[in-house]
Each structure stands twice: as C-alpha cells, then as structure tokens.
Amino acid sequence: MTLTPELRAIKERVEAFARDYGLDFFETHYEMIDHESMNEIAAYGGFPTRYPHWRHGMSYEHYSKGYQYGLQKISELVINNDPCYAYLMRSNSTLDQKMVMAHVYGHSDFFKCNLWFKNSNRKMVDQMANHGVRIRRHVEQVGVDEVERFIDLCLSLENLVDLNNLYVASDHKTREAEDSGRGDVSVRKLRSKGYMDRYINPPELIEAERERLREAKATPQRVPAQPTRDVLGFLLEHAPLKGWQRDVLGMIRAEALYFAPQAMTKIMNEGWASYWHSKLMTECLLEDHELIDYAEMHAAVLGTQPGQLNPYKLGLELWRDIEDRWNRGRHGSAFDACDDMAAKHDWDTGAMAGRDKIFEIRTVMHDVSFIDAFLTEDFCREQQLFVFQPNSRSGQNEIGSRDFDEVKQQLLFSMTNMGNPIIEVVEANHRNRGELYLLHRWEGHDLQFDEAAETLKNVCAIWGRPVHIETRDEGRGRLITFDGERVESEDITPTFA
Amino acid sequence: MVHRIDIDHARFRQIVRGRVKRDLARYITHGELIGRRGKESVSIPLPQVSLPRFRFGENGKGVGQGPGEEGSPMQPGEGDGSGQAGADAAEHTLEVEVTLEELAAILGEELELPNIEPRGEREVDSAHDRFSGISNVGPEGLRHFRRTFRRALRRELASGQYDPRNPIVVPHREDRLYKSWTTREAPESRAVIIYMMDVSGSMGNEQKEIVRIESFWLDTWLRSQYKNIETCYIVHDAAAKEVDQETFYHLRESGGTKISSAYELCARLIDERYPPSDWNIYPFHFSDGDNWSGKDTERCVAMLRERILPKVNQFGYGQVKSAYGTGQFKGDLDAAFPDEPRVVTSDVQNRDGILDSIKTFLGKGR
Chain A
1 MTLTPELRAI KERVEAFARD YGLDFFETHY EMIDHESMNE IAAYGGFPTR
51 YPHWRHGMSY EHYSKGYQYG LQKISELVIN NDPCYAYLMR SNSTLDQKMV
101 MAHVYGHSDF FKCNLWFKNS NRKMVDQMAN HGVRIRRHVE QVGVDEVERF
151 IDLCLSLENL VDLNNLYVAS DHKTREAEDS GRGDVSVRKL RSKGYMDRYI
201 NPPELIEAER ERLREAKATP QRVPAQPTRD VLGFLLEHAP LKGWQRDVLG
251 MIRAEALYFA PQAMTKIMNE GWASYWHSKL MTECLLEDHE LIDYAEMHAA
301 VLGTQPGQLN PYKLGLELWR DIEDRWNRGR HGSAFDACDD MAAKHDWDTG
351 AMAGRDKIFE IRTVMHDVSF IDAFLTEDFC REQQLFVFQP NSRSGQNEIG
401 SRDFDEVKQQ LLFSMTNMGN PIIEVVEANH RNRGELYLLH RWEGHDLQFD
451 EAAETLKNVC AIWGRPVHIE TRDEGRGRLI TFDGERVESE DITPTFA
Chain B
1 MVHRIDIDHA RFRQIVRGRV KRDLARYITH GELIGRRGKE SVSIPLPQVS
51 LPRFRFGENG KGVGQGPGEE GSPMQPGEGD GSGQAGADAA EHTLEVEVTL
101 EELAAILGEE LELPNIEPRG EREVDSAHDR FSGISNVGPE GLRHFRRTFR
151 RALRRELASG QYDPRNPIVV PHREDRLYKS WTTREAPESR AVIIYMMDVS
201 GSMGNEQKEI VRIESFWLDT WLRSQYKNIE TCYIVHDAAA KEVDQETFYH
251 LRESGGTKIS SAYELCARLI DERYPPSDWN IYPFHFSDGD NWSGKDTERC
301 VAMLRERILP KVNQFGYGQV KSAYGTGQFK GDLDAAFPDE PRVVTSDVQN
351 RDGILDSIKT FLGKGR
C-alpha cells in the first residue's frame, strides 16, 4: 500500500529538511505493510521475491515468535537499491513513521555515498527476483531436494569471499583463459595476403613461437597463481560443477557480496541514521506535543541492555564525538601533546569543521577504520566500554577489563573481515593429485574445529576431490583433511609464519 | 493467498521434525526435554540446524557497555548481543518450539506406536448432530412432508377452502416446515493415569530419574490420544499415600516395601473418583522389584485380578534395576498373568532401556 496523503506530506517535509542538511540520497519509496508481511520480508533479507530456502523460514519463525511474545518489533527495513525502498509498519503511529522516515534518509544517504557501496548492485531488487526465478527453474528441472542440498553447501561457505572485491567494479570473469589451454597451442599470425605470408609471418619464427608456447604450457602453472581469499569465486571458476550448480553458486556469491558492505559498516551506518533522525526530529520536525513520545521512542532505539553493545548507540555517540572534536579542534598533535588537564578540558579552537569531517568520514571509511581512527581513550571511558569474559569457575559472564587497548582490540577483532577467519585457497593441485589446499591465516584465534570439519566436508562436496585446511591449534600447526570419507587431523610444521 | 514464506517455513518445520526424530533416542535418554516443557509445547535446542561454517571458536569474550566494577558479574543473558552484529536472525544454537502434540506424533512414528483402541462402546464422537426439532426455514431436502401437509390442511380447513369431494391440498410457502437439528456434545473421552512408585530406600535418584523420564513420555503420548487427561501420583514404601507431582519425584523414604498398599490405594481411587464407565484408566507402577514377602505379592496379584484389571485399559509395571533390588516382582506378575493382555510388564536396566520400555507399554494400543 502506498502512503496516505498525511504521510506523503510528512515524507516531503522530511525529505526537504534532509536535503537542506546536505544529505545526498536515492529517491526513496515507502511501502506500508502489516507485521506479518514485515516479518516475511525481513526473513527474506528485505527482498520479498527472494529464492525459496528453509533458512528464510527459520528467520521467519524467529521474527514472528519475537513479535508474538512482544520481545521485538522490526520498526524499519530499508533496502540498498536505486530507488531506495523502505517499509513502514502499518500499525505504527504517525510519529513513529515520521521518525522512521528521518532515519531512513540517513541510511539512504549512506548507501549512496559510502565508498564500500560504490559497486554494489543498485538494481538488486530486480536481481534478487531474477535469482528467485532462476532457482525456481532449477528446482523444476532437477528437483527440490537436490537444489536445496546444493544451496546448503554454498551457504555454508558464503562467508568465504574477498571483501576487496567490493572495489572491483565488474566481477565477470570469463572462462576463456581456461578454454584456450585445451588441445595443441596455436600461434597467432599477423594478417597478410597469401603471397606476402612468407614474409610477414616467417615460418621459422612461427615455429620458434610455437615451441616457446609448448614449453610454457608444459611447465605446470600454479593454480591459483596467487593465494586468493575469494574461495567462492575460485570454486566457481575451477570446481567441476554442472551448469545449474555453477549458476546457483554464482548467485549465492553475488548475494553475499551485496550484503557484505552492510555488515562491514553496521556501526557507522546505524549510527549515521540515528544521528540524522535525532537531528531532523529535534531541530525541524517535532511538534511540541510529540516530544515526550519521541523521547521514549528514541531511547528505545538507543537503549543498551546493561552489558550489551548497541551499534545504534555506539555509532551515534562516536559521530557526535567526532563532530564535537573537529568543531573545537580537539585533535592532532598539539592537542594530544598537551598535558595540562585544565587547558585540555577547555580546549576550543573554534574550528567548526565537525560537519564537514563527518560527511568526509561517511564517504571513505568502514567500521574497522572508523573504530581504529576515532575510538579514543576518553570516549571509551565516557561510554563505559568494557571487555567481558566468562568467569572460569562459574561460567557466568563478568566484566573483565576496562583497559582502553583491550577494549579496542576486542572490538576491532570482532569486526575484522566481518568477524570471520581469513581463509585462502593456496593450491588446487596439492600433491599433484587435484586436491584443494586451504590456508587459515591464523592470527591468534583458533577455529571452531568441529564445525571446521563439517564445513570442510561441504567444500569437498563442491570440489569433488580431497580437501585440506591448514590452521593452528593454540599456535601449533595443524592440517585437517577430508578425503571424502573420513576427517583426519595431523600436526604439521606451519607453512605460513 | 499462500505467502511464499509459508512454504519455506513449512520446509523448515519439516527439517526440525526430522532432526528431532533422528535424535529422539538421545532426547529420551537424557531427559533434557522435561525441564523445557511449557504448557503446550517443548522447546528443543537444535544445534545442527544451522549450517556449519569456518568461524572462530568461542572464547566467550566480547565488548559491552555500561556501569560496573571490573570483575563484577553480569546477569545471565547479558552480553549475548555483542561482537559481530550479524544480519542473520538465528545463528548458532537454535531453540525451536515443538508442540506436545507434534512430539507425540514423532514419538508415535518413531516407535511405531498404534493408536489407542477405545475401550467399550461408551466411546462416541465427542460431538454429533441429532434431528430434534422443527423449524420454519431450512433446505428443501429437509422438508418435513407430513407436518407441512398437516399445516396446509389445517389452514385450508380453517379458511373453508377445503373441499372433501375434491381433496387437493396445496401447501403455501408459510406452511412448510423443516427438520432441524442440534449438535449434542457427548462426553469426551477421558482418561486418568495413575502413577505408582516405590520410594523405599532401594530406589535411588537414578531410578527415580528414569521413572520421571518414562512418565513424561507416557504422559505425552496418552495426552495425544485423549482430550481430557488427569494424573494421580501414589508413592509407597510399607504404606501408600497420594501425593502431588513434585513430591512424587523427589520424596525419598526408607524402610520396607509393601506393594499391596499401593494397589489397595489405586483400587480405592478408581472406585471413588474414576468410575470405569466414564474413564479410561491407566495405572503404571514402577519399582525395583523388591517386595516385603511372597505373601504380599499374592495379595497384589489377587487385588489386581479382582479389583483393578476389570476396570482398567491396561496395567503397566516397570521394573527399574537398582543395586539393591532382587527384581523378583516382575517374574511373579508374569507368572500370575501369563495370558492377560491387560498386564504389561517391562524391565528397565538403565536409561537406554527407556525407549524399549515405552514401546512395550504403549505398543499394545489399548
């Protein structure tokens, strides 16, 4: 359902104010839906036409249970697309809708301007529908069980993408290189008329070139030439898949890459949207009588359970902190070097560069660099951040440390590579037997070994030959192998230092 | 309109069902479901549903926000939302709710349990329709011809239209009468389960736990078969008394064992509260097989034969092995009732035996 005239008027006001502040967003469409549709669409990751899979049913149960029991309510759902789509819950009050809209323009601006979204598919709504149709067609042709089993395999590996690919505009690799490797080598000749051919393409030269190419082909080439983090992309190119399987794997990879920037900028993005809804509401949009209700709603969004990290809250506070620091010039070597507490407390250069600074940051950064650059010791103390860990005896979580370095390190660790271990394809012809060799770039944290073994089985099911993963177990090298029947694990000398 | 999500959701429930079924033996043996039982459903942790992936082993660390001294504990449940704020709803271990009805169906499928054959002819449909009245409106198929004709005749007589020499009666619209029915709620099938347990010194905690697990599953199954079900609990050592569920599982007495005391109380309960004409009755007795004397056993057999068996659907005796029990009683019962289908005895050596025991008890379909 489209907007009521009242809401359409509100939308136009919100949009105008947002534009005045310098937000640069896609055209934004709103849909009014009831809670059931909201749960359904949320279960499909925002795309009602997505491919069928039980995992969506699982999310749906989660959302609808949460709604039934009154534990959670999805209040906003916004899709990175051009035009941007946002869903409003029909049962919400007008004030709710106003605030959600103000929030949505923050997201829409972020989607459009942040560099990590630069190459994301802006017609994803169409693309997802397209994926849905293709997968349904495969289901019709090869059967639902087989397709579902294969999707399960792919989803189990969906975190094995190279996030740097987000900076590569076109992601279509041809299989040409591989194809040309078959059969005898052919030397490319220059174009010539028949009687000139002897001179333009001298036979001895052609023969020498042919010899050189033969030799080059005989020397085994390492596949991949360089270790690659794009395990899915590698499998897509090199695994012996049927046509429909390759198609499915390609779609899963494309969707994983589409969603990646949202996970990579969760804190920034939610913080940015909260910053703007707060600004727009309090400075432009609120009627006097709405103030108390608004305050309650805003508090609900930003509330932290004691001991929990709320990305809306953390993000919003960081944005405000940055704006304040650049407004008053509280950064740079002069400020850092100052050790007069009183002077530092009153430090204000009157630079008023905060607004420009935050717009700059929202363009070029993602969560890891954002936290790394701007989470200061003062901020950490003011926001009462801490590291928690289970008590060794009771198993109950307790506050472990409020040390700035520890907090920051823990935060950064949980966000690096979206919290996933970094895994690379090193060799596709290990022991010259077509076995796949993966490497976990161990940086101090062990894998969950049982699950790694299960995942390895799934890699093997796609690769079709034995697969290995090299990792470490508390620092000691370990090689886990699945040969199609049994999982074996042996101690090795790490090849990666 | 069928939503797309309904299909995916149904598929997910199907997977859940399959997993529960596959691991049913483990759930039964561990008894972990009992504590997770709500009014109508059980919440089951299913770690295997989510897809495996390469991820870090949990060291439990995370970042939180809020006041508190270093080293001060957080409430359970706090700190769960930290770390990677993932886009996926339910990532690791999943708690799914399965209704007791569904659970019973799974149990039935897995153990190939027959549906219970209702006892006697009392068993009528819980609701049935009966033509009991007459109405001015209704479908033509239910028109009551005789009454309609009579009314038409009366009207024609009263208005003087009736001509005996030409006795044609034409019913008008308002003459028509129709049969009407009422839906009668017949008494629904009711059942009572009477649990009896030996709580003498030789029944240890493990034995009681086995009884607890087994009775949970017996309950679940019988509840799926009867609309109304009541349970009674009787504990006994040398004397028997009726207790509530809590006491039943936790009471520990010492001293001798007179099984006849329990059977006596059971028979009295049936006589006083559960007339067999209204109730399907299922007594189950669990002990370690020790009895005070052969003489008492004889009394038990006599009491079963005369006062209990004629009134019940089935009498179940489960003998739980304990370090002290002789396991005599089951043999005695088997010898006394070699061909009595209503007496079902089963031997439970340990937790792994629970599954077979349930099958023995419920496999008869009585």
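These protein sequences, in sequence, are chains A and B. Note that the first sequence covers residues 1 to 497 in my numbering. Note that the second sequence covers residues 1 to 366 in my numbering. All C-beta atoms in this analysis are idealised placements derived from N, C-alpha and C, irrespective of residue type, glycine included. The model shown is predicted, which means the values in this text are computed figures rather than measured ones.
{"Check": "Cα-Cα separation, T265/A to F374/A", "Outcome": "14 Å"}
{"Check": "Reference F131/B; option with closest CA among R147/B, L111/B, P114/B, Y178/B", "Outcome": "Y178/B"}
{"Check": "Inter-residue spacing [alpha-carbon to alpha-carbon] between M203/B and A262/B", "Outcome": "16 Å"}
{"Check": "Closest by C-alpha distance to E435/A, when choosing among R222/A, D24/A, K193/A, M32/A", "Outcome": "R222/A"}
{"Check": "Local Cβ density within 10 Å of M196/A, reported as buried at 16 or more and exposed below that", "Outcome": "exposed"}
{"Check": "Stretch-stretch touch, CB-based, cutoff 8 Å, three pairs: the stretch 220-234 of chain B with the stretch 290-308 of chain B", "Outcome": "no"}
{"Check": "Residue-level contact to chain B via CB, Q389/A, 7 Å cutoff", "Outcome": "yes"}
{"Check": "Among I193/B, V235/B, F12/B, S159/B, nearest to N313/B - alpha-carbon criterion", "Outcome": "I193/B"}
{"Check": "Proximity below 7 Å, CB of G57/A to CB of H9/B", "Outcome": "yes"}
{"Check": "7 Å Cβ cutoff, E123/B in contact with chain A", "Outcome": "No answer about E123/B holds up, because its pLDDT of 49 lies below 50 and its placement is not dependable."}
{"Check": "Alpha carbon of K21/B to alpha carbon of P48/A, nearest angstrom", "Outcome": "32 Å"}
{"Check": "Buried versus exposed call for H131/A [16 or more other C-beta atoms within 10 Å across all chains shown]", "Outcome": "buried"}
{"Check": "Integer-rounded CB distance, given that S287/B should sit under 8 Å from F329/B", "Outcome": "7 Å"}
{"Check": "E424/A classed as buried or exposed, judged by whether at least 16 other C-beta atoms fall within 10 angstroms", "Outcome": "buried"}
{"Check": "Cβ pair T345/B, Y324/B closer than 7 Å", "Outcome": "no"}
{"Check": "Alpha helix (DSSP H) segments (min. 4 residues) lying fully within the stretch 164-233 of chain B", "Outcome": "205-225"}
{"Check": "Helix, strand or coil at F370/A [DSSP, three-state]", "Outcome": "helix"}
{"Check": "Close Cβ partners of D446/A (< 8 Å) along its chain, the five nearest in sequence each way excluded", "Outcome": "T471, R472, D473, E474"}
{"Check": "Span separating the alpha-carbon of P52/B from that of T495/A", "Outcome": "26 Å"}
{"Check": "Pairwise C-alpha distance: E61/A and Y44/A", "Outcome": "12 Å"}
{"Check": "Alpha carbon of L115/A to alpha carbon of Q127/A, nearest angstrom", "Outcome": "21 Å"}
{"Check": "T326/B burial status per 10 Å Cβ neighbour count (16 or more: buried)", "Outcome": "exposed"}
{"Check": "Endpoints, the beta strand (DSSP E) within which K241/B is located", "Outcome": "240-243"}
{"Check": "Min CB distance P367/B to chain A below 7 Å", "Outcome": "Any question about residue 367/B goes unanswered here, given that chain B covers just 1 to 366."}
{"Check": "Whether F110/A touches C284/A by CB criterion (7 Å)", "Outcome": "no"}
{"Check": "C84/A - DSSP class collapsed to helix/strand/coil", "Outcome": "strand"}
{"Check": "Reduced DSSP category for D247/A - H, G, I as helix; E, B as strand; rest coil", "Outcome": "helix"}
{"Check": "Nearest neighbour of L205/A, chosen from E36/A, L190/A, A218/A, A216/A [CA to CA]", "Outcome": "L190/A"}
{"Check": "Cβ pair D367/A, M268/A closer than 7 Å", "Outcome": "yes"}
{"Check": "The stretch 254-261 of chain B / the stretch 145-160 of chain B touching (three or more Cβ pairs under 8 Å)", "Outcome": "no"}
{"Check": "Burial state of C380/A, where buried means 16 or more other Cβ atoms lie within 10 Å", "Outcome": "buried"}
{"Check": "Residues near T360/B in its chain [Cβ-Cβ closer than 7 Å; skip 5 each side]", "Outcome": "V344, S346"}
{"Check": "DSSP state of L95/A mapped onto helix, strand, coil", "Outcome": "helix"}
{"Check": "Minimum Cβ-Cβ distance from K402/A to chain B less than 7 Å", "Outcome": "This sequence places Arg at residue 402/A; Lys is not what is there. Chain B, which has a Cβ nearer than 7 Å to the Cβ of R402/A, makes this yes."}
{"Check": "DSSP state of D179/A mapped onto helix, strand, coil", "Outcome": "Note that D179/A scores a pLDDT of 43, beneath 50, so its modelled location is shaky; the value from the coordinates is reported in the next line. Three-state result, D179/A: helix."}
{"Check": "Which listed residue (G108/B, I234/B, E95/B, G71/B) has its alpha carbon closest to that of K65/A", "Outcome": "E95/B"}
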